[in-house]
Structures are given as structure tokens and as C-alpha cells.
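Structure first, commentary second.
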Amino acid sequence: MVDWSPIAKVYDPLKAGSIDGTDVEPHDRAVFRAMGARYKPNKGVIGDPLLTLFVARLNPQTTEDKLHQVFSKYGDIQRLRLVRDIVTGFSKGYAVIEYKEERSVVRARRDANKLVVEQHEVFVDFEQERTLRGWVPRRLGGGLGGKKESGQLRFGGRDRPFRKPINLGVGAGVSSGAGAFGGREWNRPGARDRENRHRESEWGSKGRRDDRDRGRERDDRRDRDRDRSRHRDRR
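Plus 121 on top of the position in the sequence shown (first one is 1) and you've got our numbering.
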């Protein structure tokens with residue numbers, strides 16, 4: 122049985138650049154650059170990655186106090202950081218929020234995504250840098266989502282999940298297991314060693330990861346159903 126998922130459980134730049142995760146060659150230079158990247162998560166980042174949310178598409182004028190006011194209603198906040206330009210001090214439009222309890226993270230991800238905060242519809246998801254194995258940030262050609270105008274969309278995330286391949290059972294499937302993604306073995310140098318060293322600290326128990334994956338897919342299906350309902354109402 123082919124183990125297919127609309128949400129990437131391992132980050133592969135080549136597959137992320139494909140709408141259905143079946144590309145075998147990079148279609149733009151950024152994907153090629155991401156494939157050769159040797160990115161390592163910032164060791165200076167503190168906090169529990171499994172209790173941390175990534176909040177993007179913020180109004181440039183939104184402050185830390187406003188974010189705390191909005192997101193504290195989902196649970197007690199341990200840390201909140203609005204990312205700012207190191208030179209100008211201006212907001213870069215995204216923040217990271219760490220909660221004290223896992224149920225607060227799940228609730229905030231479910232209910233705050235697409236919430237309008239100061240005239241901007243925000244995007245909320247789990248932190249990827251320390252929880253999605255193989256992660257490569259946008260500045261190196263990776264990332265998830267993106268704008269159509271850029272011509273560099275990335276799939277497999279909450280914003281732009283993979284579409285199910287037409288020929289899923291004929292060479293386009295996703296192999297099960299920790300070392301495979303999109304039918305292609307994850308064999309970047311050092312990836313397996315990093316996995317073994319950090320499996321417990323970064324990923325937690327297998328049961329906890331499985332529950333979280335199921336929660337992501339359930340929330341993403343709910344988001345898509347809601348969008349379709351809105352579209353029908355407009356017509």
C-alpha cells in the first residue's frame with residue numbers, strides 16, 4: 122500500500138518544488154540551490170520546538186504586545202519573539218511563539234490560522250526548522266508556500282499541500298519509513314547521523330509525532346473544506 126500524505130514529513134527540496142511531489146529534476150535554480158544546501162538549525166534557539174508556533178504575514182505595524190494579546194487567549198505563553206531587521210529594527214512580518222502546554226499549541230494552530238490581525242490575515246503553523254527533518258529555509262531556495270508571482274512555490278506544507286499524484290501506484294509513490302520521501306531516499310551527507318543524534322531531543326516520541334501528523338492533516342482538511350464552502354457562498 123502506498124503511504125501518501127499531502128503534508129511533507131521529511132523535507133526534500135526537489136519534492137517541495139513539485140505540486141504533487143513527483144519531480145525528478147529541479148525546475149528552477151532556487152530548488153537546485155536548496156538541494157545543495159548544508160543547512161543546520163540555529164543552535165542558539167532556545168525553547169521546546171514541539172511547543173513553538175511560526176506566525177507569518179503580520180502587519181509591519183503589529184507589535185509584541187498586540188501578538189501577546191491575541192495569542193494568549195489560546196493558553197499561557199512561555200516566550201514570544203517578533204523577528205526584526207537587525208539594522209533598521211523594523212518587523213520582518215513574522216514571529217515565533219512558544220506555549221507552556223501542547224494543547225495550547227494545537228488550539229492556537231487550529232483557531233488562529235487565517236485570523237485577521239490588524240487588517241492582515243495571518244498564517245500559523247508548527248515550527249519547521251527544528252521539527253521537519255531536512256529543512257532548508259527560503260533564503261537558501263527551500264521553505265514552504267510562497268507567492269505565485271515569484272514563480273517559486275513550495276508544496277507539502279499547510280499553506281500549499283501536495284496534490285495527490287495521478288499515477289500514485291506507478292513509480293510516483295512515497296515509500297514508508299524514516300529515510301524516504303516521494304519515492305526518493307533521503308541521502309544527503311550527514312542527514313542520517315543528525316537524525317540519530319537528535320531524534321529524541323528534536324522529534325520526541327514516535328507516538329507523539331504520529332499524533333501530531335494526524336492532527337496536521339485533520340486541520341488541513343478542515344481548512345480546505347472551509348475555503349470551498351466560502352467559495353460556494355460567494356457564487
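C-beta atoms are modelled at their ideal positions from N, C-alpha and C, and glycine is treated no differently.
Beta-carbon contacts of residue i that lie in its chain and below 7 Å, excluding the five residues immediately before and after
{"i": "G267", "result": "Q273, L274 and R275"}
{"i": "H241", "result": "R178, L179 and N180"}
{"i": "V226", "result": "L172, L174 and Y220"}
{"i": "G82", "result": "The structure shown does not extend to residue 82, since the chain is modelled only from 122 through 356, so no value can be given for it."}
{"i": "G214", "result": "A177, R178, L179 and P181"}
Beta bridge counterpart(s) of residue i as assigned by DSSP
{"i": "G255", "result": "DSSP, once it has assigned bridges, lists no residue as partnering G255."}
{"i": "I198", "result": "Y220"}
{"i": "A98", "result": "The question about residue 98 has no answer, for the chain in this structure spans 122 to 356."}
{"i": "L203", "result": "A216"}
Nonlocal neighbours in the same chain, by C-beta distance under 6 Å from residue i, ignoring five residues either side
{"i": "A129", "result": "G277"}
{"i": "L253", "result": "Y132"}
{"i": "A233", "result": "V245"}
Where residue i falls: helix, strand or coil (DSSP)
{"i": "S271", "result": "helix"}
{"i": "V208", "result": "coil"}
{"i": "K213", "result": "strand"}
{"i": "S322", "result": "With a pLDDT of 45 at S322, under the threshold of 50, the modelled position of that residue is not reliable, and no figure is offered here."}
Buried versus exposed call for residue i [16 or more other C-beta atoms within 10 Å across all chains shown]
{"i": "V176", "result": "buried"}
{"i": "Q190", "result": "exposed"}
{"i": "D144", "result": "buried"}
{"i": "S139", "result": "buried"}
{"i": "K136", "result": "buried"}
{"i": "R205", "result": "exposed"}
{"i": "D141", "result": "buried"}
Sequence ranges, alpha helix (DSSP H) only - wholly within the stretch 137-173, length at least 4: 150-156
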